[in-house]
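The next block holds one structure in the form of structure tokens; read it before the comments.
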Amino acid sequence: MAGDSAVGFTLLELLIVAAMVGILSAIAAPVWLSFADNQRLSQAQDAAFRTLRIAQARARQNRRVWELCLRDTGRSVELAVQPARTGFCDNARWEPLLAEATGTIGVAIDVDNSTLRSRSGVYRMQFQGSGWVNGQLGRITFQLRDRVDSRRSCVFVSTLLGALRGDRDRACLR
2 MAGDSAVGFT
12 LLELLIVAAM
22 VGILSAIAAP
32 VWLSFADNQR
42 LSQAQDAAFR
52 TLRIAQARAR
62 QNRRVWELCL
72 RDTGRSVELA
82 VQPARTGFCD
92 NARWEPLLAE
102 ATGTIGVAID
112 VDNSTLRSRS
122 GVYRMQFQGS
132 GWVNGQLGRI
142 TFQLRDRVDS
152 RRSCVFVSTL
162 LGALRGDRDR
172 ACLR
């Protein structure tokens, strides 16, 4: 009978282990959330950069003006790449910037720091048949949805020749 009391863990040992797991979880959770937020912003920036390059390449290939249109639906960011028409992104076939499984739902267009030409919440960048920018230079800036003081990522169309570059945080502010 004396040997039976030595088998297993005491209540004190179980409480200590539970407290240690709780402390480690409290430390790890914010780090994990920050990592996930950074990944969302990076994926949005990469997708916008890649899609701008696609619009530019199609303009060169077809020797006509092509445009990239972006909009924020309030739930996710959508885009369309198409030949330019007379209207402002008229008849666009909207697609999600990223698949919802990758977290584009948590990303929004930062309207205060985006300088691409816009009308009614739709942002547009056009490229001439030579691949050069057709009109205004600017940037599209992404932030985490429903967070005012959050991190940002952006893509600049920085020269008339159509040079693109990405940046983060303070460089994305006006």
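Take the sequence shown: its letters are residues 2 to 175, numbered as in this note's numbering. By construction, the Cβ of each residue, glycine as well, lies at the ideal position given by its N, Cα and C atoms. Keep in mind the model is a prediction, meaning the values are calculated, not measured.
_Tell me the DSSP secondary structure of Gly53 in three-state form._
Reading off the sequence, residue 53 comes out as Leu, not Gly. Looking at Leu53 - three-state DSSP - the assignment turns out to be helix.
*May I ask you to report which of helix, strand or coil DSSP gives Leu15?*
helix
*For Glu68, does the count of other Cβ atoms within 10 angstroms reach 16, so buried, or fall short, so exposed?*
buried
*Is it buried or exposed for Asp147, if we count other Cβ within 10 angstroms and need 16 for buried?*
exposed
*Three-state secondary structure (DSSP) at Gln137?*
coil
*Could you tell me the distance, in whole angstroms, from the CA atom of Val156 to the CA atom of Gly23?*
40 Å
*asked:* I'd like to know whether the C-beta atoms of Val78 and Leu53 end up nearer to each other than 7 Å.
replied: no
*beta strand (DSSP E) segment containing Arg169, residue limits*: 165–169
*Return the first residue and the last residue of the beta strand (DSSP E) that Trp67 is part of.*
67–73
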